[in-house]
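Reading through the structure tokens given below for one structure.
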Amino acid sequence: MKLLSRISFFALTLIFSGQASTLFAQIPRLLPPVTYSDPGATMAVVADLNHDGILDIVTANGAAPGGNGVSVLLGLGHGKFKAATKIVTGSSPSSVLVGDFNNDGKPDIALANEPNPNVLISVTGGPPPNSVSILFGNGDGTFQPSIDTPTAGALALAAGDFNKDGKLDLIVVTGPSTSTQILLNTGNGTFIVSDANVDGFPIAIVGDFNGDGKLDFLTGGWEMLGNGDGTFTLGQSLPLNAGLVADFNGDGIPDLAQLVPTSLGRIVSGLISLGLPDGTWAPSFISDFSGRGMVAGDFNGDGKMDIFGTGTPNGNGTFPAIGGLVLGKGDGTFTLGAPGFGGAALPAIGDLDHNGSPDLVIANGSNIQVALNTFGHPPLLAQLLMSATFVVGGPTTVTGTVSLGGPAPVGGALVSLASNNPAVSFPNGNSVTIPANAVTAHFNIATSAVTASTPVTISATYQFTKLTTRLTVVPPSTLTSISANPVSLFGMFGGDPAVGTVTLSGPAPNGTVVALSSANPTALKVPANVTFAAGATTATFAISAQHVAADTSVAISGTLGATISSTTLTVRKETATIAVTKAEYVVSKGQLTLEVTGTDRVGSLQIYNANTGVLVGQIPLVNVGKFSGQLHVTGSFTSVAAQSSVGGLSIAPVAQK
Numbered sequence: 001m002k003l004l005s006r007i008s009f010f011a012l013t014l015i016f017s018g019q020a021s022t023l024f025a026q027i028p029r030l031l032p033p034v035t036y037s038d039p040g041a042t043m044a045v046v047a048d049l050n051h052d053g054i055l056d057i058v059t060a061n062g063a064a065p066g067g068n069g070v071s072v073l074l075g076l077g078h079g080k081f082k083a084a085t086k087i088v089t090g091s092s093p094s095s096v097l098v099g100d101f102n103n104d105g106k107p108d109i110a111l112a113n114e115p116n117p118n119v120l121i122s123v124t125g126g127p128p129p130n131s132v133s134i135l136f137g138n139g140d141g142t143f144q145p146s147i148d149t150p151t152a153g154a155l156a157l158a159a160g161d162f163n164k165d166g167k168l169d170l171i172v173v174t175g176p177s178t179s180t181q182i183l184l185n186t187g188n189g190t191f192i193v194s195d196a197n198v199d200g201f202p203i204a205i206v207g208d209f210n211g212d213g214k215l216d217f218l219t220g221g222w223e224m225l226g227n228g229d230g231t232f233t234l235g236q237s238l239p240l241n242a243g244l245v246a247d248f249n250g251d252g253i254p255d256l257a258q259l260v261p262t263s264l265g266r267i268v269s270g271l272i273s274l275g276l277p278d279g280t281w282a283p284s285f286i287s288d289f290s291g292r293g294m295v296a297g298d299f300n301g302d303g304k305m306d307i308f309g310t311g312t313p314n315g316n317g318t319f320p321a322i323g324g325l326v327l328g329k330g331d332g333t334f335t336l337g338a339p340g341f342g343g344a345a346l347p348a349i350g351d352l353d354h355n356g357s358p359d360l361v362i363a364n365g366s367n368i369q370v371a372l373n374t375f376g377h378p379p380l381l382a383q384l385l386m387s388a389t390f391v392v393g394g395p396t397t398v399t400g401t402v403s404l405g406g407p408a409p410v411g412g413a414l415v416s417l418a419s420n421n422p423a424v425s426f427p428n429g430n431s432v433t434i435p436a437n438a439v440t441a442h443f444n445i446a447t448s449a450v451t452a453s454t455p456v457t458i459s460a461t462y463q464f465t466k467l468t469t470r471l472t473v474v475p476p477s478t479l480t481s482i483s484a485n486p487v488s489l490f491g492m493f494g495g496d497p498a499v500g501t502v503t504l505s506g507p508a509p510n511g512t513v514v515a516l517s518s519a520n521p522t523a524l525k526v527p528a529n530v531t532f533a534a535g536a537t538t539a540t541f542a543i544s545a546q547h548v549a550a551d552t553s554v555a556i557s558g559t560l561g562a563t564i565s566s567t568t569l570t571v572r573k574e575t576a577t578i579a580v581t582k583a584e585y586v587v588s589k590g591q592l593t594l595e596v597t598g599t600d601r602v603g604s605l606q607i608y609n610a611n612t613g614v615l616v617g618q619i620p621l622v623n624v625g626k627f628s629g630q631l632h633v634t635g636s637f638t639s640v641a642a643q644s645s646v647g648g649l650s651i652a653p654v655a656q657k
């Protein structure tokens with residue numbers, strides 16, 4: 001069974017998130033997307049419109065106020081494109097596809113002109129909304145005026161020769177509760193319209209699914225079997241409402257994939273149904289992909305079908321991330337290879353840079369995103385990394401790393417290196433070779449002494465891909481001060497927190513660590529050191545003031561190299577605004593009973609073993625000025641400390657029972 005064509009969702013406005021996104025591959029599978037302005041673009045397809053051997057982009061612009069028709073972005077080669085040019089204005093088409101509808105060897109455009117019902121756009125011109133339009137191509141990237149055919153609706157399209165007359169026909173999805181229509185091509189841009197008597201919302205996918213040499217289509221959870229004359233017979237009910245068809249387990253039989261919202265539409269899971277030799281499909285199972293729109297292709301060249309789903313690379317704290325490139329294992333399950341992007345948009349794929357691997361085009365409502373696949377023959381330069389980002393100029397040598405998205409070709413990959421400032425240079429030459437079949441190579445970066453912080457841009461170029469990163473060369477920094485806030489605080493069981501700040505004379509190089517110490521660790525605790533973020537001039541650390549019998553001044557110090565800086569804090573004895581009136585411990589039961597009076601306006605008191613300083617629980621306020629409760633404790637308990645969050649403290653002996 002051979003899959004002949006497919007059409008993406010006309011719109012999938014799912015406002016939810018899916019599986020958590022963790023980037024398993026350190027080397028990016030996709031380059032950061034390049035954005036091209038195209039107001040209203042909600043769907044994109046790729047095709048060579050001007051016969052130059054370079055793929056171009058056609059977009060349906062159905063999300064702009066007043067409608068923005070259709071745009072064309074002509075390819076410049078190497079995955080780059082000219083600015084979008086409007087070829088149809090006014091209308092708000094939901095769907096677009098490219099095919100040769102008059103058999104002149106020149107690509108034409110077909111449009112479903114009805115606005116997406118989920119995008120509230122009013123049509124102000126162009127073809128009628130309930131119609132399909134054909135724009136005959138001139139073969140140079142320009143097109144003739146549209147020829148319009150009225151339909152019951154026009155939300156999505158799929159194409160194929162359904163009556164075997166050598167002309168490309170259309171299937172039109174007309175709406176969620178209306179019949180899918182078949183448009184048989186007359187060859188002059190007009191069509192003979194008939195109903196297929198099946199609700200096809202929201203997509204149609206074309207292929208010979210029963211192996212009889214006649215084109216069928218899948219839509220609305222049903223299989224429609226072609227009779228070879230442009231008519232169809234209702235076939236089997238599908239195990240899922242397929243949004244994507246591809247061979248996910250490598251047996252040569254088309255399989256089905258679907259995105260399914262769960263948990264009130266906030267989570268998206270993927271379903272796979274594997275095709276069987278008799279033309280039916282096995283029961284569906286949950287698989288490891290998600291997204292808001294999806295497309296299939298072999299992105300890593302292992303012969304197994306992968307899926308890219310648009311979405312968000314990070315969750316927002318409430319919802320997890322959604323979408324991403326998942327790499328097929330060959331059995332209908334996947335592993336995450338790259339995070340998602342493109343929002344709620346629909347992806348399209350094509351080899352935009354002619355290196356044999358599929359790249360991505362995403363229509364995002366206001367723009368087009370083009371993301372090149374780093375795998376290919378040759379692969380693209382995928383990553384430029386450095387072992388440090390802030391370094392002291394002169395004594396420091398930095399290691400740089402360049403990586404490809406796949407194995408380097410025979411003879412290796414020569415990567416050119418450049419620096420925009422003489423403070424950074426390459427002692428082994430301005431290039432590095434990634435050996436044949438390797439993906440990574442390292443190079444040395446030398447720095448010169450500077451008198452002020454000097455940001456330097458380092459670039460690496462291979463073929464037509466250029467990556468840049470920044471290395472900041474700084475003079476040596478010194479420790480200028482250490483401070484604390486507040487400088488006076490109650491000492492408490494469990495520690496009363498304060499914040500210390502260490503300040504340097506300039507940006508910190510990578511790995512800057514200041515050693516810390518307290519002159520009286522019993523009263524004032526600090527960590528052994530504090531590490532600076534690269535480029536930062538300050539770093540903070542936690543201070544913990546412990547219970548003291550009397551007000552105590554304590555110095556804390558920071559040391560960087562030969563420089564020491566200090567500050568002093570006063571740890572104050574807690575005020576006695578509360579009093580333990582009853583403290584009894586039934587040893588056999590491990591039960592501690594407490595009653596405490598006090599004027600501190602708090603809802604509860606924390607209770608400590610005064611001998612060990614260990615927090616054992618808390619007791620609530622039960623009446624004005626009175627706290628009481630029972631706690632379960634273990635071991636020796638001869639002295640208790642009741643403490644309020646505002647400083648009140650009472651230490652009392654515990655009666656043993």
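For the sequence shown, the numbering used here begins at 1 and goes up steadily by one.
Think of the CB as a built atom: it goes at the ideal place given N, C-alpha and C, for glycine as much as any other residue.
Values in this document were obtained by computation on a predicted structure and should not be read as measured data.
I'd like the list of long-range same chain contacts for LEU560, defined as Cβ closer than 6 Å, with 5 residues on each side in sequence excluded.
LEU479, VAL514
Among all the DSSP beta bridges, which residues are the ones paired with ILE578?
GLY598
Outcome for ALA408 when other beta-carbon atoms lying within 10 angstroms are tallied against a minimum of 16:
buried
So what does GLY309 bridge to, in DSSP terms?
MET294, GLY324
Can you tell me where the beta strand (DSSP E) with ASP108 in it begins and where it stops?
108–112
With hydrogens ignored, establish whether the beta-carbon of GLN643 is closer than 7 Å to any heavy atom of the ligand SAH.
As far as ligands go, the structure on display features none, and thus does not contain the ligand SAH.
Are the Cβ atoms of GLY175 and LEU155 separated by less than 8 Å?
yes
Near VAL633, what residues of its chain come up, given a Cβ to Cβ distance below 7 Å and the 5 sequence neighbours on each side ignored?
GLY590, LEU592, VAL616
Would you kindly report the start and end of the unbroken beta strand (DSSP E) that includes LYS86?
85–88
C-alpha distance - VAL34 paired with ALA296, whole-angstrom precision:
21 Å
Between LEU55 and GLY75, what straight-line distance do the alpha-carbon atoms span, to the nearest angstrom?
6 Å
Can you list, in chain order, the residues of its chain whose CB lies under 6 Å from that of ALA536, leaving out five sequence neighbours each side?
ALA508
Could you check what DSSP says for VAL530 in three-state terms: helix, strand or coil?
strand
Within 10 angstroms of its Cβ, does PRO145 collect 16 or more other Cβ (buried), or is it exposed?
exposed
Tell me the rounded alpha-carbon separation between GLY79 and HIS354.
8 Å
SER177 lies in the beta strand (DSSP E); which residues open and close that run?
Where SER177 is concerned, there is no enclosing beta strand (DSSP E), given that its DSSP letter is neither H nor E.
Same chain, Cβ closer than 8 Å to PRO358, five either side skipped, listed in chain order
GLY297, ASP298, PHE299, ILE349, GLY350, ASP351, ASN373
Whole-Å CB distance - SER273 paired with LEU240, under 8 Å assumed:
5 Å
Reduced DSSP category for MET492 - H, G, I as helix; E, B as strand; rest coil:
coil
Whole-angstrom C-beta distance between LEU489 and VAL554, which should lie under 8 Å:
About 11 Å; that fails the 8 Å criterion.
Strand pairing of HIS442, partner residues [DSSP]:
THR401
Could you check where the beta strand (DSSP E) with GLN144 kicks off and where it finishes?
Careful: GLN144 lies outside any beta strand (DSSP E) and carries neither H nor E.
Can at least three beta-carbon pairs, one atom from the stretch 189–198 and one from the stretch 154–168, be found at a separation below 8 Å?
no
Residues near LEU49 by beta carbon distance below 6 Å, same chain, minus five either side
ASP56, PRO107, GLY141
In chain order, what residues of the same chain lie with their CB nearer than 8 Å to the CB of PHE341, ignoring the 5 residues before and after it?
PRO33, THR310, GLY311, THR312, PRO313, GLY323, ILE362, GLN369, ALA371
Around the C-beta of GLN643, are 16 or more other C-beta atoms found within 10 angstroms, so that it is buried, or is it exposed?
buried
Tell me where the beta strand (DSSP E) around ILE27 begins and ends.
No beta strand (DSSP E) holds ILE27; DSSP gives it neither H nor E.
Simplified DSSP assignment, three categories, for VAL571
strand
Do LYS82 and SER71 have their beta-carbon atoms positioned less than 8 Å apart in this structure?
no
Beta carbon of GLY235, beta carbon of PHE162: below 8 Å?
no
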